[in-house]
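Q:
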Amino acid sequence: MKASIVLLPGDGVGPEVVTETRKVLDAVASKFGHQLSYAAHLIGGIAIDETGDPLPAETLAACKEADAILLGAVGGPKWDNPNAKTRPEKGLLAIRQGLGLYANLRPVKSYPELIDSSPLKRERVEGVNLLVLRELTGGLYFGKPQFRERTAEGKRRAVDTMEYSDVEIQRIVKLGFVLARGRSKKLTSVDKANVLDSSRLWREIAVEISKEFPDVSLEHQLVDSCAMRLVTAPGSFDVMVTENMFGDILSDEAAVLTGSLGMLPSASLGEGKLGLYEPIHGSAPDIAGKGIANPLGTILSGAMLLRHSLGLEKEAAAIESAVERALGKGARTKDLGGERPLSTSGMGDAVIAELG
Ligand code: IPM
Ligand code: MG
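Here the sequence shown is numbered in the working numbering, starting from 4 and rising by one per residue.
Structure representation (structure tokens):
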């Protein structure tokens, strides 16, 4: 098949990890006889520097024409000035909204070889294989009104709004059921229904949708106790579906369980096949440009890209097993505790070597 991929390397370690992933995608494409073409565009801090806008219109337009998008990371101290007119992160929020990518999949899987770098005891982390499904274009991040003001008394005041419509909840919860059906048929819906109206609506809709999925068991969990259960019994989760802000927090918590943030991929999907794929580790400015970043989170995001946007399941699985074999043979970047750690490109090469 032929497919066109937009690369958004972005800031920090983004360009380094995207380069390695492109290498791996090319190796898979040539092995399986596909033709992938790439075009790089600006997003984030570098886009602010070059155009004044963290998501230039031409980047968004190119993304709309593509089959899939691979993103590195956005942000860094250079753009952290609280008085700045705009921020790199705005580019990320704008692309999610601009492409209608309402579903964020963050799979968290523990690799036997890396268990000792987990902050939890081995027996708690062994076998963890869960999926955080985060709503990505609603809730506190996008609810209106959202503003800051000076009141008549001269006090500073800021407002954010947690807002959900039934349609927004229905589509993400439904996807939760569909994904759970393809895994171990257990869905945990996470909310704060003891306090928030938006959560009570969320729970009501989850119950309604569950009638269409009699083969999947649904449980409700309050977000605070969910945070606790994630460290006490992470193995008890399979698919968890939740609103934007809760998902942001819980997915970082879940991500660190397995030892390194550097390993984790993500996919952001909308109604069609177009998706945005990125590692969840962020721009890591402290190690940017040193060639030591772990590219595996991005490489595994590349596997998700092949699976969800291009429908290439075999090819996706080939990357995932190559990553496991490389780890099995001792390939480690610095974050994975390697004694003689591989460079970013060394890890890319190790994965390619295992593709066979
Ligand atoms: C994430 C990040 C973003 C978010 C930031 C960078 C805007 O934390 O993708 O989880 O909050 O969604
Ligand atoms: Mg986050």
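All C-beta atoms in this analysis are idealised placements derived from N, C-alpha and C, irrespective of residue type, glycine included.
(1) Got a sec: does ligand 2 put a non-hydrogen atom nearer than 7 Å to the Cβ of ASP251?
(2) I'd like to know whether the C-beta of GLY179 is nearer than 8 Å to at least one C-beta of chain C.
(3) Which residue marks the beginning of the alpha helix (DSSP H) containing GLY48, and which one marks its end?
(4) At 3 residues or longer, what runs of the beta strand (DSSP E) sit wholly inside the segment 192-265?
(5) Look at the alpha carbon of GLY3 and the alpha carbon of LEU267, and state the distance between them as a whole number of angstroms.
(6) With respect to 7 Å, is the separation between the Cβ of GLY78 and the closest non-hydrogen atom of ligand 1 below this value?
(7) Can you tell me which of GLU138, LYS81, ASN86, LYS88 puts its alpha carbon nearest to the alpha carbon of GLN100?
(8) Let me know the secondary structure DSSP gives GLU138 once reduced to three states.
(9) Is the beta carbon of LEU74 within less than 7 Å of some heavy atom of ligand 1?
(10) Let's test the definition: count the other Cβ atoms within 10 Å of the Cβ of MET4 and tell me whether it reaches 16, buried, or not, exposed.
(11) What residue range is occupied by the uninterrupted beta strand (DSSP E) comprising GLY13?
(12) What separation, rounded to the nearest whole angstrom, lies between the Cα atoms of GLY47 and ASP218?
(13) May I ask which residues mark the beginning and end of the beta strand (DSSP E) holding GLU281?
(14) Can you find at least 3 beta carbon pairs, one from the segment 46-62 and one from the segment 319-328, that sit closer than 8 Å?
(15) In the structure shown, what three-state DSSP assignment does THR22 receive?
(16) Quick check on the DSSP output: the alpha helix (DSSP H) that includes LYS67 runs from which residue to which?
(17) Report the CB separation of MET231 from LEU133 in whole angstroms; it is logged as a contact under 8 Å.
(18) How is the alpha helix (DSSP H) around ARG184 delimited, first residue to last?
(19) Between the alpha carbons of GLY146 and ASP194, how many angstroms are there, rounded?
(20) LEU143: which of ARG160, SER201, PRO288, LEU182 sits nearest, CA to CA?
(21) In angstroms with no decimal places, state the Cα-to-Cα distance between LEU136 and ASN107.
(22) With 16 as the cutoff for other CB atoms within 10 Å, does ASP14 come out buried or exposed?
(23) My understanding is that GLU281 touches SER304, with C-beta atoms under 8 Å, so please give their C-beta distance in whole angstroms.
A: A quick look at the data gives this:
(1) In the sequence shown, residue 251 corresponds to position 248, counting from 1. Answer for ASP251: yes, Cβ within range of ligand 2.
(2) Here chain C cannot be found, since the structure has a single protein chain.
(3) Stepping through the sequence shown from its first residue, residue 48 is reached at position 45. The continuous alpha helix (DSSP H) containing GLY48 extends over residues 48-54.
(4) If we require 3 residues or more, the beta strand (DSSP E) runs fully inside the segment 192-265 come out as 220-225, 242-245.
(5) Lying before the first or after the last residue shown, residue 3 is absent from the chain, which here runs from 4 to 359.
(6) In the sequence shown, residue 78 corresponds to position 75, counting from 1. Because some heavy atom of ligand 1 lies under 7 Å away, the Cβ of GLY78 counts as near it: yes.
(7) What you label residue 100 is simply residue 97 of the sequence shown in a count that begins at 1. Among GLU138, LYS81, ASN86, LYS88, the Cα nearest to that of GLN100 belongs to GLU138.
(8) As a position in the sequence shown, residue 138 is number 135, starting the count at 1. Per DSSP, reduced to three states, the secondary structure at GLU138 is strand.
(9) Position 71 of the sequence shown holds residue 74. Not under cutoff, so the answer is no.
(10) For the purposes of this step, residue 4 is identified with residue 1 of the sequence shown, where counting begins at 1. So MET4 counts as exposed.
(11) Indexing the sequence shown from 1 puts residue 13 at position 10. Counting along the chain, the unbroken beta strand (DSSP E) around GLY13 starts and ends at 5-13.
(12) For the purposes of this step, residue 47 is taken as residue 44 along the sequence shown, with counting starting at 1. For the purposes of this step, residue 218 is taken as residue 215 along the sequence shown, with counting starting at 1. Per the coordinates, the alpha-carbon of GLY47 lies some 43 Å from the alpha-carbon of ASP218.
(13) Here the question's residue 281 lines up with position 278 in the sequence shown. Looking at the DSSP string, the run of the beta strand (DSSP E) that includes GLU281 is 278-282.
(14) Pairwise C-beta distances place the segment 46-62 out of contact with the segment 319-328, as fewer than three of them are shorter than 8 Å.
(15) The residue given as residue 22 occupies position 19 in the sequence shown. Helix at THR22.
(16) Residue numbering aside, residue 67 sits at position 64 when the sequence shown is read from its first letter. That run of the alpha helix (DSSP H) goes 60-68.
(17) Counting from 1 along the sequence shown, the entry for residue 231 is found at position 228. Counting from 1 along the sequence shown, the entry for residue 133 is found at position 130. No, MET231 and LEU133 are not in contact; Cβ-Cβ is about 15 Å, not under 8 Å.
(18) Taking the sequence shown and counting its residues from 1, one reaches residue 184 at position 181. 169-184 is the span of the alpha helix (DSSP H), which, as asked, contains ARG184.
(19) Walking along the sequence shown from the start, residue 146 turns up at place 143. Walking along the sequence shown from the start, residue 194 turns up at place 191. Looking at the two C-alpha atoms, the distance is approximately 17 Å.
(20) In the sequence shown, the residue the question calls residue 143 occupies position 140. With respect to the C-alpha of LEU143, the residue from ARG160, SER201, PRO288, LEU182 having the closest C-alpha is SER201.
(21) In the sequence shown, the residue the question calls residue 136 occupies position 133. In the sequence shown, the residue the question calls residue 107 occupies position 104. Roughly 6 Å between the two C-alpha positions.
(22) Numbered from 1 along the sequence shown, position 11 holds the residue referred to as residue 14. Its Cβ being crowded by 16 or more others within 10 Å, ASP14 is buried.
(23) Counting from 1 along the sequence shown, the entry for residue 281 is found at position 278. Counting from 1 along the sequence shown, the entry for residue 304 is found at position 301. So it is a contact: roughly 6 Å between Cβ atoms.
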